[in-house]
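Anchor point for the sequence shown: position 114 equals 114 in the UniProt record's numbering, and the numbering is continuous, going up by one each time.
Glycine included, C-beta positions come from ideal geometry on N, C-alpha and C.
See below for the structure under consideration.
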Amino acid sequence: MNPLKQISSGALYQLDLDVIQCEQFAAGEPVPGLKEGELLEHFSSLRQLLDLITGWDWSSYLHDVGIEGGKYALVTPRDAATLLEKLKEAEQKSSVFSVLKKNERDRRKLLDTVLKQLKQLQNQDG
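Right, here's the structure in full:
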């Protein structure tokens, strides 16, 4: 069960700021019982996912998906697609009564294309 149905881009940017604070804490004083840098590593996949979504860097991601050491190597197609679908849901609900501008239509078209490619990648991975 996945209770989160949608997420706005504003909420993603706020989450990004919150994760930055967590990363700063994790990079600071060592935590007893953990190796140096170990706590910070726990934020790596979330950091890559947020960077991908907020930076809208889909060409890099799709080019490097599955390549070890890539810029977004820790982001699975499933995680990227899940977050994109929730972002798309929020955008659809927020613009029900507005007329779409060309750049908004282009962004939606790109979002749909990326989602389709991510789902194809998921199907390839089984």
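Residue i versus the options, residue with shortest Cα-Cα distance
i	options	result
L111	R47, L74, W56, L39	W56
G37	A27, S44, L46, S45	A27
E85	L40, G69, K116	K116
G69	Q48, D79, K93, W58	Q48
Q21	L34, L40, P30	L40
L121	K93, D64, D106, K102	D64
residue 133	K35, T113, R108	The question about residue 133 has no answer here: the residues shown for the chain are numbered 1 through 126.
Check whether residue i and residue j have beta carbons under 8 Å apart
i	j	result
S45	L74	yes
S9	L118	no
T89	Q6	First, the amino acid is wrong: residue 89 is Glu here, not Thr. Yes.
Own chain residues within Cβ distance below 7 Å of residue i, not counting five before or after
i	result
residue 205	Here the chain covers residues 1 to 126 and nothing more, so residue 205 does not appear.
V19	F43, L46, R47, L50
P30	E36
Endpoints, alpha helix (DSSP H) assigned at residue i
i	result
E23	9–27
I53	44–55
E36	Taken as a continuous stretch (DSSP letters only), E36 belongs to no alpha helix (DSSP H), as it is neither H nor E.
E104	102–125
Y61	58–64
Cut-off 6 Å between Cβ atoms - residues of its own chain near residue i, not counting five sequence neighbours on either side
i	result
Y61	L52, Y72
D125	none
P77	L118, L121, Q122
Close-in-space but distant-in-sequence residues of the same chain around residue i (CB under 8 Å, 5 per side omitted)
i	result
K93	Q6
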